[in-house]
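Asker: Numbering (our numbering), first residue to last: 13 to 377.
#1: Grab the span of the alpha helix (DSSP H) containing residue 249 for me, first residue to last.
#2: Measuring alpha carbon to alpha carbon, tell me which residue in 159, 215, 115, 251 is nearest residue 339.
#3: Taking 8 angstroms as the limit between beta carbons, can you name the residues of its chain near residue 365, skipping five residues before and five after?
#4: Going by beta carbon distance, what residues of the same chain come within less than 6 angstroms of residue 267, once the five residues before and after it are set aside?
#5: Apart from the five residues on each side of it in sequence, which residues of its chain come closer than 8 angstroms, Cβ to Cβ, to residue 50?
#6: Please report the distance separating the alpha-carbon of residue 320 from that of residue 360.
#7: Drop a sphere of 10 angstroms on the beta-carbon of residue 356, count the other beta-carbons inside from all chains shown, and report buried for 16 or more, exposed for fewer.
#8: Leaving aside the five residues before and after residue 272 along the sequence, list all residues of the same chain whose C-beta is less than 7 angstroms from its C-beta, in chain order.
#9: Under the DSSP definition of a beta bridge, which residues are partnered with residue 175?
#10: What three-state label does DSSP hand residue 263 in the structure shown?
#11: Quick one: what's got a C-beta closer than 7 angstroms to residue 332's C-beta in the same chain, skipping five residues either side?
#12: What are the boundary residues of the alpha helix (DSSP H) that includes residue 378?
#13: Check whether the region 236-250 touches the region 204-211, counting contact only when three or more Cβ pairs, one atom from each stretch, lie closer than 8 angstroms.
#14: Can you tell me whether residue 272 is helix, strand or coil according to DSSP?
#15: Tell me whether the region 215-226 and the region 157-177 touch, counting them as touching only if at least three CB pairs, one residue from each stretch, are closer than 8 angstroms.
#16: With distances taken Cα to Cα, identify the nearest neighbour of residue 153 among 297, 212, 293.
#17: DSSP on residue 223, reduced to helix/strand/coil?
#18: Verify whether the separation of the beta carbon atoms of residue 109 and residue 100 is less than 8 angstroms.
#19: Return the first residue and the last residue of the alpha helix (DSSP H) that residue 128 is part of.
#20: With DSSP collapsed to three states, give me the class of residue 137.
#21: Just to confirm my understanding: we take residue 289, look at its own chain, exclude 5 residues before and 5 after, and list those with CB closer than 8 angstroms. What are they?
#22: Let me check one thing: in DSSP terms, what residues is residue 103 bridge-paired to?
#23: Whole angstroms are fine: how far does the CA of residue 126 sit from the CA of residue 107?
#24: Measure the C-alpha to C-alpha separation of residue 135 and residue 322 and round it to an integer number of angstroms.
#25: Can you tell me whether DSSP reads residue 365 as helix, strand or coil?
#26: Among all the DSSP beta bridges, which residues are the ones paired with residue 168?
#27: CB residue 285 to CB residue 349, shorter than 8 angstroms?
#28: Throw me the rounded Cβ distance for the residue 312 and residue 264 pair, which I believe falls under 8 angstroms.
#29: Would you identify the three-state DSSP class for residue 238, choosing helix, strand or coil?
#30: By Cβ distance below 6 angstroms, which residues in the same chain neighbour residue 276 in space, the five residues on each side in sequence not counted?
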């Protein structure tokens with residue numbers, strides 16, 4: 013039987029690119045009626061260690077419940093391609109499912125017990141849809157690269173390994189050294205760790221027309237002007253406002269309303285961006301020069317949602333006292349309409365909002 017060697021990360025001699033592996037025995041639904049099984053299933057590779065399974069008949073594996081240390085009966089995925097499981101089942105013979113920690117566009121995160129190492133782990137199980145499988149392979153590549161630059165694992169979630177189980181890419185994520193758990197809500201901690209890189213794109217790769225979660229989407233994306241990493245700096249600005257106020261800055265699901273909210277909070281869009289907007293975005297403007305608002309609004313509720321928003325300075329002043337000036341200046345740099353004028357990551361990190369107290373107490377920067 014062909015297998016793929018998957019190792020813990022990081023490793024000096026590891027292949028820098030993730031590779032697809034042939035399906036293993038547990039990936040494949042049984043024939044009906046089941047064929048006579050062989051006496052042994054040799055060299056089944058589960059995550060990191062080779063193992064040999066005992067003499068289980070196919071019928072006992074697939075039809076009569078879960079054999080000891082075996083995978084559960086094969087079952088189809090749900091209509092959206094999510095893996096269907098029950099608490100207490102195994103995810104491959106190695107991992108036993110304890111709970112579902114969360115669900116997103118790309119899949120689910122399951123809390124599991126590693127039966128070999130006797131520890132709690134988190135496994136991201138990606139939907140069995142080709143585009144999400146491909147995105148997962150990119151995410152694995154990104155996580156490997158980040159692991160080489162975040163050696164202490166304090167800024168980004170760390171990947172331990174990955175495997176392909178019943179047509180689901182499964183990403184085994186390392187546990188946090190600080191709190192001993194995954195993605196837990198710690199109200200008294202201000203530590204932030206990035207955990208989801210499912211939509212990551214390298215600059216040299218093809219870019220989709222639309223990117224970013226709606227609430228954090230930059231204006232150049234909506235206007236079809238193309239995008240690069242600067243759109244992430246816009247997203248960071250939106251997230252900082254949300255951390256400050258407790259609510260998303262732009263709570264909308266429609267492009268015209270989204271642009272109207274931007275103008276309400278930040279002022280009018282620059283003409284040079286409006287003129288360059290692609291054909292799909294031209295409909296949001298009157299005679300190519302002014303946003304078609306409120307004339308183009310879909311409802312009175314939409315108009316009210318825009319008009320109730322305060323200017324950025326007023327919004328921050330409602331929630332921040334002594335450092336409001338520095339925070340407003342930082343946000344104005346992050347939320348500049350023109351991506352070429354927007355603060356870059358290194359510039360933002362050197363902003364007085366982050367460095368003023370450090371300089372005061374003599375910390376090196």
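Idealized CB from N, CA, C, for every residue including glycine.
Answerer: Checking against the coordinates, here is how it stands:
#1: 242-257
#2: 251
#3: Around residue 365: 335, 338, 339, 341, 342.
#4: 234
#5: With a pLDDT of only 33 at residue 50, under 50, the local geometry of the prediction cannot be trusted, and no value is derived from it.
#6: 29 angstroms
#7: exposed
#8: 303, 305, 318, listed in sequence order.
#9: Per DSSP, 182.
#10: Looking at residue 263 - three-state DSSP - the assignment turns out to be coil, as it is neither helix nor strand.
#11: Excluding residues within five positions, the ones whose Cβ falls inside 7 angstroms are 256, 339.
#12: Summary: the structure shown does not reach residue 378, with the chain confined to residues 13 through 377, and so no result is reported for it.
#13: Contact fails: fewer than three Cβ-Cβ distances are below 8 angstroms.
#14: Secondary structure of residue 272 (DSSP, three-state): helix.
#15: no
#16: The shortest C-alpha separation from residue 153 is found at 212.
#17: coil
#18: yes
#19: From DSSP, residue 128 is part of no alpha helix (DSSP H); its letter is neither H nor E.
#20: Residue 137: strand per DSSP, three-state reduction.
#21: 235, 236, 237, 296, 297
#22: 107
#23: 5 angstroms
#24: Our two residues, residue 135 and residue 322, have alpha carbons roughly 42 angstroms apart in a direct line.
#25: helix
#26: 206
#27: Contact: yes.
#28: About 15 angstroms separates the two Cβ atoms, so there is no contact after all.
#29: Note: residue 238 maps to coil in three-state DSSP.
#30: 318, 321
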